[in-house]
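Numbering that gives the first Met the number 0 applies: residue 0 is where the sequence shown begins, and numbers increase by one.
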Amino acid sequence: MTMAHDEHQVKTKGKAPIYKMIEGKMTKVGYLPKNHHVVIKKDPHIKGKQEYKATVNYHETECGHLISSRYFQTIKKP
Numbered sequence: 000m001t002m003a004h005d006e007h008q009v010k011t012k013g014k015a016p017i018y019k020m021i022e023g024k025m026t027k028v029g030y031l032p033k034n035h036h037v038v039i040k041k042d043p044h045i046k047g048k049q050e051y052k053a054t055v056n057y058h059e060t061e062c063g064h065l066i067s068s069r070y071f072q073t074i075k076k077p
């Protein structure tokens, strides 16, 4: 699998909700399971959204969904 220079592969920490932008609002469309590998864009789609006590970024996945930065960890390259 080849990735563009602005993408990298991450692994989800837990059951991560995924969202779609519908009419300007984020709508939850499902979940990604724990330890699921997904390719995301490096530049966040939404920057600095206040979520509970944390400020998080939402990155766009290769299939067009949005995932919060609090639910993924980067994979170390060999």
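Beta carbons: idealized from backbone N, C-alpha and C, even for Gly.
| Would you call the CB atoms of Thr73 and Val37 closer than 8 Å? | Cβ distance not < 8 Å, so Thr73 and Val37 don't count as in contact.
| message | Quick check: what's the CA-CA separation for Lys46 versus Ser68? | response | Cα-Cα distance, rounded: 10 Å.
| Beta-carbon proximity check, Lys33 vs Phe71, cutoff 8 Å | No.
| request: Would you identify the three-state DSSP class for Tyr30, choosing helix, strand or coil? | output: Three-state DSSP puts Tyr30 in a strand.
| field | 8 Å Cβ cutoff met for His44 and His58 | value | Yes, Cβ-Cβ distance for His44 and His58 is below 8 Å.
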